[in-house]
Amino acid sequence: MYVTRIQEADKKLRDRCMASAKRLYGENLPDIVKVRLDRELLAISQCNHATHYIIAAAMADCSLYKGCHITTRGTIGSSLVAFFSGITEINPLEAHYRCPSCHYFELSENKSEYDYVTGYDLPEKKCPVCGKLLIGDGANIMSEMSMGTDMRREPDVIMNFSPEVIQDVIDALREMFGKDNVIGAGVSVNAEDGTRKTGVHPGGIFIVPAQVEISDITGLRNDVRDDGIHLMVTERHYRDMEKYLKKYDVLPKPELGVLHEMEITTGVPVKSISMHESELFDIDNTDEKNSFLIDGPDWKAFGIVHPQGFIDMVRMFGLAHTDFFDGNGDISAENILEAKRHGIYCRDDILETLLRKGCDIHTSYTIMNSISRGKGVDETAEKTMHGCGMSDDYVGFCKRIKYLFPRSMMASYALVNWRMAFYKANYPQEFEKVMSAWNRKEE
Ligand SMILES: [Zn+2]
Numbered sequence: 024m025y026v027t028r029i030q031e032a033d034k035k036l037r038d039r040c041m042a043s044a045k046r047l048y049g050e051n052l053p054d055i056v057k058v059r060l061d062r063e064l065l066a067i068s069q070c071n072h073a074t075h076y077i078i079a080a081a082m083a084d085c086s087l088y089k090g091c092h093i094t095t096r097g098t099i100g101s102s103l104v105a106f107f108s109g110i111t112e113i114n115p116l117e118a119h120y121r122c123p124s125c126h127y128f129e130l131s132e133n134k135s136e137y138d139y140v141t142g143y144d145l146p147e148k149k150c151p152v153c154g155k156l157l158i159g160d161g162a163n164i165m166s167e168m169s170m171g172t173d174m175r176r177e178p179d180v181i182m183n184f185s186p187e188v189i190q191d192v193i194d195a196l197r198e199m200f201g202k203d204n205v206i207g208a209g210v211s212v213n214a215e216d217g218t219r220k221t222g223v224h225p226g227g228i229f230i231v232p233a234q235v236e237i238s239d240i241t242g243l244r245n246d247v248r249d250d251g252i253h254l255m256v257t258e259r260h261y262r263d264m265e266k267y268l269k270k271y272d273v274l275p276k277p278e279l280g281v282l283h284e285m286e287i288t289t290g291v292p293v294k295s296i297s298m299h300e301s302e303l304f305d306i307d308n309t310d311e312k313n314s315f316l317i318d319g320p321d322w323k324a325f326g327i328v329h330p331q332g333f334i335d336m337v338r339m340f341g342l343a344h345t346d347f348f349d350g351n352g353d354i355s356a357e358n359i360l361e362a363k364r365h366g367i368y369c370r371d372d373i374l375e376t377l378l379r380k381g382c383d384i385h386t387s388y389t390i391m392n393s394i395s396r397g398k399g400v401d402e403t404a405e406k407t408m409h410g411c412g413m414s415d416d417y418v419g420f421c422k423r424i425k426y427l428f429p430r431s432m433m434a435s436y437a438l439v440n441w442r443m444a445f446y447k448a449n450y451p452q453e454f455e456k457v458m459s460a461w462n463r464k465e466e
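Residue numbers (the working numbering): 24 to 466.
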């Protein structure tokens with residue numbers, strides 16, 4: 024594996040993270056912030072992963088400079104380093120309050136009160152020191168979700184951008200690494216009839232490190248991605264290429280473009296949208312207000328989960344993807360209610376339940392991984408789970424799961440949809456106009 028090097032990547036990443044940590048939490052960082060940030064930065068430095076974070080942050084900067092927010096899907100989005108370096112908007116700390124003015128910080132001693140609740144769901148509260156309205160933050164995501172229990176896992180960099188800025192993002196990478204060193208991930212398969220089919224991965228980008236002569240690894244050809252981006256693309260299949268080079272996924276997500284245009288049209292910045300507008304999801308009136316969500320399985324989950332706040336939106340996105348359950352590939356009301364009963368919506372839920380029941384982190388993580396990828400519960404895992412007091416019912420349910428997303432990705436998507444719902448409810452005519460313009464572009 025050849026790795027692109029950025030000079031002083033560790034220092035650049037640390038400086039960037041410290042600057043935003045201090046901006047949000049003050050000069051004297053709360054212990055929980057400092058300890059976690061130091062632990063993650065040390066692990067990233069020891070594994071030489073800082074470059075991946077700097078590249079992801081540079082892409083995020085480019086998009087934000089153009090006024091477009093981003094979402095992050097890969098494991099990179101689950102760390103505090105990713106949050107402080109601007110790769111994700113999802114703060115992975117435990118639910119807490121922070122004061123935007125005097126940096127007062129409050130983390131509840133009473134865990135049960137905050138359990139399974141994101142900081143966005145905390146009731147409104149004023150700062151006891153300066154009286155300003157506190158910000159609720161934190162989506163309860165452990166560092167291990169990003170880095171593994173040995174803290175050595177290489178992050179998957181999978182990021183969504185507004186289609187309008189993808190060319191700019193790729194140009195920014197070209198500027199950083201040289202025009203010819205940014206190449207597309209090719210797809211090539213030998214079809215049964217002996218012919219060779221080629222294509223381009225929808226988002227995959229490789230960056231050729233300075234020490235590598237790309238022609239030693241693969242031929243290149245000119246090609247066009249589904250989103251119209253022209254690139255030199257690897258002749259070899261991208262999975263083959265991943266043995267040599269790191270793949271970064273730069274994927275289009277039209278909703279991010281819609282949000283950007285709604286910001287311009289209404290003058291209401293995305294970031295100013297309150298997270299306490301649960302009346303947006305008036306279930307009795309869903310057809311009108313939430314029709315953008317009424318799209319296949321999403322809608323079904325929406326009607327059954329009955330979102331009351333942000334955490335329910337997060338849960339809904341966990342349930343709504345088509346691969347949750349084995350066998351039916353669909354989300355029936357029974358399955359959703361069963362998931363609710365067991366409190367399983369994402370990978371993190373299983374990990375947290377096992378830890379709470381006293382299982383050690385390594386075993387919990389292994390069991391979570393197996394269940395989340397549809398590999399079920401083997402005999403040893405079943406014994407462990409029963410030993411921790413988990414019911415046959417719970418274990419049986421875990422065996423049926425085909426795939427679970429990480430919470431960071433669901434939270435990222437829920438945030439986009441929360442904001443879409445806000446604009447749609449408050450500026451219906453403008454929303455309609457922007458949406459129909461986007462739909463025409465899509466065609
Ligand atoms: Zn304050």
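Ideal Cβ positions, reconstructed from N, Cα and C, are used throughout, including at glycine.
Values in this document were obtained by computation on a predicted structure and should not be read as measured data.
Residue i (DSSP reduced to helix, strand or coil)
i, result
"residue 118", "coil"
"residue 137", "For residue 137, the predicted model reports a pLDDT of 41, less than 50, meaning its position is unreliable; a value from the coordinates is still stated below. Correct three-state label for residue 137: helix."
"residue 350", "Its pLDDT being 48, under 50, residue 350 is placed unreliably in this model, and the coordinates cannot settle the point."
"residue 172", "coil"
"residue 241", "coil"
"residue 451", "helix"
"residue 343", "helix"
"residue 427", "coil"
"residue 186", "helix"
"residue 235", "coil"
"residue 317", "Residue placement at residue 317 cannot be trusted, given a pLDDT of 43 that sits under 50; what the coordinates show is reported in the next sentence. Here residue 317 sits in coil by DSSP."
"residue 157", "coil"
"residue 364", "helix"
"residue 90", "coil"
"residue 130", "coil"
"residue 277", "helix"
"residue 111", "coil"
"residue 219", "strand"
"residue 247", "strand"
"residue 162", "coil"
Beta-carbon proximity list for residue i, same chain, < 6 angstroms, skipping 5 on both sides
i, result
"residue 350", "Because the pLDDT at residue 350 is just 48, under 50, the model does not fix this residue reliably, and the value given afterwards should be weighed accordingly. Closer than 6 angstroms at Cβ, skipping near neighbours: no residue."
"residue 100", "111 and 431"
"residue 63", "102, 103, 104 and 166"
"residue 298", "143 and 333"
"residue 281", "457 and 461"
"residue 232", "25 and 27"
"residue 213", "219"
"residue 243", "255"
Candidates the options, of which the one nearest residue i by Cα
i, options, result
"residue 434", "380, 69, 337 and 281", "337"
"residue 372", "346, 356, 30 and 342", "342"
"residue 120", "87, 79 and 162", "162"
"residue 173", "69, 362 and 417", "69"
"residue 339", "244, 65 and 428", "428"
"residue 407", "391, 106 and 202", "391"
"residue 228", "216, 252 and 93", "252"
"residue 159", "129, 260, 181 and 180", "129"
"residue 424", "459, 124 and 369", "369"
"residue 115", "124, 140 and 91", "140"
"residue 92", "187, 78, 52 and 45", "187"
"residue 417", "360, 216 and 274", "360"
"residue 86", "96, 109 and 75", "109"
"residue 199", "267, 367, 79 and 216", "79"
"residue 76", "182, 151 and 88", "182"
"residue 248", "331, 413, 210 and 237", "210"
Same chain only: Cβ atoms within 8 angstroms of residue i, ignoring 5 sequence neighbours per side
i, result
"residue 73", "29, 32, 33, 35, 36 and 67"
"residue 176", "98, 169 and 170"
"residue 265", "none"
"residue 278", "439, 440 and 443"
"residue 136", "Here the model assigns residue 136 a pLDDT of 42, short of 50, so the residue's position is not dependable and the matter cannot be decided."
"residue 52", "44, 45 and 60"
Cβ-based neighbour list, residue i, same chain, cut-off 7 angstroms, excluding 5 preceding and 5 following
i, result
"residue 148", "120 and 157"
"residue 241", "257, 258, 259 and 264"
"residue 296", "442 and 445"
CB contact check: residue i to chain B, cutoff 8 angstroms
i, result
"residue 369", "Checking the listed chains, one finds no chain B in this structure; it contains a single protein chain."
Going along the chain, which residues put their C-beta within less than 6 angstroms of some heavy atom in ligand 1? 122, 124, 125, 127, 150, 152, 153 and 155
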